[in-house]
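Peer 1: Numbering (my numbering), first residue to last: 42 to 314. Glycine included, every Cβ here is placed at the ideal spot set by N, Cα and C. Treat the numbers as computed from the prediction; the structure is a model and nothing was measured. Below: one structure in structure tokens.
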């Protein structure tokens, strides 16, 4: 493989995705439906909220292929760059490829332009990538991500949700995607309040994922036996920070205690895998 070269008057610019299409390296969508002929792992559920210092993103660790659990420890929440993150829901393979291309696009832009792309620009770029995936989505490989980050210009956290056509919608307080999003979103709406601190925001998202796992078979709850916990990360003016598993284990123990107390001790809060 040889790297493409361009003359000074033919500068491809900072759009790395467009460059790939231009040189014929972009992934081509399948020519026929694949959902029935192949067992495609799908990842759910992801959720994000604003809090006092920025945003918190969280995602469970289960991927399913039909009625089977294909992976128990898949990661669905990734840093896009230092001040933003993306969480994936949908066909796992195309979603991960989209995240890698998105990360590379932001790095490429920064190197070419010598400055960070604005948070709004990042959200628009991801929307274009989702739109470019529409032909594959029509064949059963849909990707519907969440995007969140800390806006250095406005000094606050912001959330963005997408539809399969690439439509981009900014949410004020919370956003959720995936098969368990209805249940997780309901918990967040009921428990959310303005200016949550970090601990309260993380506890709220863990509770939301717990309820989603209890109601949706495609969403995985905490696995205390294998020590598999959701991926949870905060994004503030100081950048991306992923919560450690030891911290999440303690928070889940507290959540289980609260659930047992609420049930009057008559039912154990089961451990899902």
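For a quick check, are the C-beta atoms of residue 276 and residue 125 less than 8 Å apart?
Peer 2: Residue mapping note: residue 276 aligns to position 235 of the chain shown, counting from 1. Residue mapping note: residue 125 aligns to position 84 of the chain shown, counting from 1. It is a contact, given that the beta carbons lie within the stated cut-off.
Peer 1: From which residue to which residue does the alpha helix (DSSP H) around residue 302 run?
Peer 2: In the chain shown, residue 302 corresponds to position 261, counting from 1. Its alpha helix (DSSP H) spans residues 286-303.
Peer 1: What residues in its chain sit with their C-beta under 6 Å from that of residue 314, if we drop five residues either side in the sequence?
Peer 2: Reading the chain shown from its first residue, position 273 is the one you call residue 314. Reliability fails at residue 314, whose pLDDT of 45 lies under 50, so the model's placement of it is uncertain and the value that follows must be treated cautiously. The beta carbon of residue 314 is closer than 6 Å to those of 264 in its chain, skipping five residues each way along the sequence.
Peer 1: If we ignore side chains and look at the alpha-carbon of each, how far apart do residue 256 and residue 201 end up?
Peer 2: Along the chain shown, read from residue 1 onward, the residue named residue 256 stands at position 215. Along the chain shown, read from residue 1 onward, the residue named residue 201 stands at position 160. Answer to the nearest angstrom: the Cα atoms are 25 Å apart.
Peer 1: Which residue's Cα is closest to the Cα of residue 112: 82, 193 and 203?
Peer 2: Here the question's residue 112 lines up with position 71 in the chain shown. Checked all of 82, 193 and 203; the closest Cα to residue 112 is 82.
Peer 1: Is any beta-carbon of chain B found at less than 8 Å from that of residue 195?
Peer 2: Protein chains in the displayed structure number just one, and chain B is not present.
Peer 1: Quickly, what does DSSP pair residue 120 with across the bridge? List them, please.
Peer 2: Translated into positions along the chain shown, residue 120 becomes position 79. DSSP lists 126 as partners of residue 120.
Peer 1: If you draw a straight line from the C-alpha of residue 191 to the C-alpha of residue 127, how long is it?
Peer 2: Translated into positions along the chain shown, residue 191 becomes position 150. Translated into positions along the chain shown, residue 127 becomes position 86. About 12 Å.
Peer 1: Flag this pair as touching only if the stretch 217-231 and the stretch 80-99 have three or more C-beta atom pairs under 8 Å; answer yes or no.
Peer 2: Contact between the stretch 217-231 and the stretch 80-99 is present: 3 or more CB-CB pairs across the two stretches fall below 8 Å.
Peer 1: With a CB to CB cut of under 6 Å and the five nearest residues on each side skipped, what residues in its chain are close to residue 122?
Peer 2: Indexing the chain shown from 1 puts residue 122 at position 81. Here the set comprises 147.
Peer 1: So the candidates are 94, 98, 92 and 46; which of them puts its Cα closest to the Cα of residue 247?
Peer 2: Numbered from 1 along the chain shown, position 206 holds the residue referred to as residue 247. Per the Cα distances, 98.
Peer 1: Using three-state DSSP, classify residue 209 as helix, strand or coil.
Peer 2: Taking the first residue of the chain shown as 1, we reach residue 209 at position 168. DSSP places residue 209 in strand when its eight states are reduced to three.
Peer 1: DSSP on residue 143, reduced to helix/strand/coil?
Peer 2: Taking the chain shown and counting its residues from 1, one reaches residue 143 at position 102. Helix, per DSSP.
Peer 1: Please classify residue 213 as buried or exposed, where buried requires at least 16 neighbouring CB atoms within 10 angstroms.
Peer 2: The residue given as residue 213 occupies position 172 in the chain shown. With fewer than 16 Cβ atoms within 10 Å of its Cβ, residue 213 is classed as exposed.
Peer 1: Give the range of the alpha helix (DSSP H) segment to which residue 222 is assigned.
Peer 2: Residue mapping note: residue 222 aligns to position 181 of the chain shown, counting from 1. Segment 222-232, the alpha helix (DSSP H) holding residue 222.
Peer 1: Could you work out which residue in 195, 119 and 153 is closest to residue 141 when comparing CA atoms only?
Peer 2: For this step, residue 141 is matched to residue 100 along the chain shown. The residue with the shortest Cα to Cα distance from residue 141 is 119.
Peer 1: If the criterion is Cβ atoms closer than 8 Å, does the pair residue 183 and residue 132 meet it?
Peer 2: Here residue 183 corresponds to residue number 142 of the chain shown, with the count starting at 1. Here residue 132 corresponds to residue number 91 of the chain shown, with the count starting at 1. Yes, these two residues count as a Cβ contact at 8 Å.
Peer 1: My guess is that residue 136 and residue 209 are in contact by the Cβ rule of under 8 Å, so how many angstroms apart are they, rounded?
Peer 2: Within the chain shown, numbered from 1, the residue matching residue 136 stands at position 95. Within the chain shown, numbered from 1, the residue matching residue 209 stands at position 168. Not a contact, Cβ separation roughly 17 Å.
Peer 1: Helix, strand or coil for residue 312 per DSSP?
Peer 2: Start at 1 with the first residue of the chain shown, and residue 312 comes out as number 271. Caution applies to residue 312, whose pLDDT of 47 falls short of 50 and renders its modelled position unreliable; the model cannot decide the point.
Peer 1: Would you kindly report the start and end of the unbroken alpha helix (DSSP H) that includes residue 243?
Peer 2: Along the chain shown, read from residue 1 onward, the residue named residue 243 stands at position 202. Residues 239-256.
Peer 1: Looking only at its own chain, which residues have a Cβ that is under 6 Å from the Cβ of residue 226, when we skip the five neighbours before and after it?
Peer 2: Numbered from its first residue, the chain shown carries residue 226 at position 185. Result list for residue 226: 217, in chain order.
Peer 1: Put residue 46 into one of helix, strand or coil per three-state DSSP.
Peer 2: Walking along the chain shown from the start, residue 46 turns up at place 5. Of the three classes helix, strand and coil, the one that applies to residue 46 here is coil, per DSSP.
Peer 1: Should residue 286 and residue 267 be called a contact, given that it needs their Cβ atoms to be closer than 8 Å?
Peer 2: Taking the chain shown and counting its residues from 1, one reaches residue 286 at position 245. Taking the chain shown and counting its residues from 1, one reaches residue 267 at position 226. It is not a contact, given that the beta carbons lie outside the stated cut-off.
Peer 1: In its own chain, which residues sit with a C-beta less than 7 Å from the C-beta of residue 174, not counting the 5 before and 5 after it?
Peer 2: Taking the first residue of the chain shown as position 1, residue 174 is located at position 133. Around residue 174: 135, 139 and 184.
Peer 1: Rounded to whole angstroms, what is the Cα-Cα separation between residue 305 and residue 211?
Peer 2: Here residue 305 refers to the residue found at position 264 when the chain shown is read from its first residue. Here residue 211 refers to the residue found at position 170 when the chain shown is read from its first residue. Approximately 40 Å between the Cα atoms of the pair.
Peer 1: To the nearest angstrom, report how far apart residue 271 and residue 156 are at their CA atoms.
Peer 2: The count along the chain shown starts at 1 and reaches residue 271 at position 230. The count along the chain shown starts at 1 and reaches residue 156 at position 115. Rounded to whole angstroms, residue 271 and residue 156 show a C-alpha spacing of 33 Å.
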